[in-house]
Amino acid sequence: MEMTYFEAISHFHLLTTRIDSLFQFWMSGTFALIVACHIAAERLTKSYAVVLAALYSVFVVSILLRLHLSTQLLAEAGKVVGKMRGTWVEGSSSFLAGGIHTSIWLTFVIGTIAAFFFLWHSYKENRR
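Just so we're aligned, residue 874 is where the sequence shown starts under our numbering, counting upward by one.
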């Protein structure tokens, strides 16, 4: 079943919104971990730190898989829209789209590492 141009644009927009929502959800979860570690630093035992790290790891993997799937679907939707407009060139990608994609992934990786570091640092500071 073929989509109309309007349906293809709507699908593209829906996927873009989905990626933004996932990124915002990850940022909220990361901020929640950092705030929890900061507020409860004096009571952060090794077992609590391990449980927090495990829960956050599962959360991050879940978001990572969803982001990966959504970006793949977005690329396919962009290809469909480009072909409908007659502007698609095989193997092409816009500089802006590549920059946005790269910045999201860099923020995700660096932010996740920073959150784990903050959790470890909060636990270590509690030991002093």
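Beta carbons: idealized from backbone N, C-alpha and C, even for Gly.
### Query
Which first and last residues belong to the alpha helix (DSSP H) in which E880 is found?
878-912
### Query
By a C-beta neighbour count over all protein chains shown, 10 Å radius and 16 as the cutoff for buried, is S894 buried or exposed?
exposed
### Message
Taking 7 Å as the limit between beta carbons, can you name the residues of its chain near A988, skipping five residues before and five after?
### Response
T903, L906, I907, Y929
### Task
With distances taken Cα to Cα, identify the nearest neighbour of A970 among A881, T944, H911, M900.
T944
### Message
Would S995 and A914 qualify as a contact pair, given that the criterion is a beta-carbon distance under 9 Å?
### Response
yes
### Task
Go ahead and label A927 buried or exposed: buried means 16 or more other beta carbons lie within 10 angstroms of its beta carbon, across all protein chains shown.
exposed
#### Entry: Member of V934, E949, F879, L917 whose CA lies at the smallest distance from the CA of K997
L917
### Query
So A948 packs on F885, CB below 8 Å; how close in whole Å?
Wrong, their Cβ atoms sit about 10 Å apart, outside the cutoff.
### Query
Under 9 Å between the Cβ atoms of F981 and F896?
yes
### Query
Do you know offhand how far S935's Cα is from L888's?
17 Å
### Task
Mind checking which residues open and close the alpha helix (DSSP H) that includes E949?
919-958
#### Entry: Which listed residue (F991, N999, R939) has its alpha carbon closest to that of I892
R939
### Message
If contacts are defined as beta-carbon pairs under 8 Å, then L992 and C910 qualify, I think. What distance do you get, rounded to the angstrom?
### Response
5 Å
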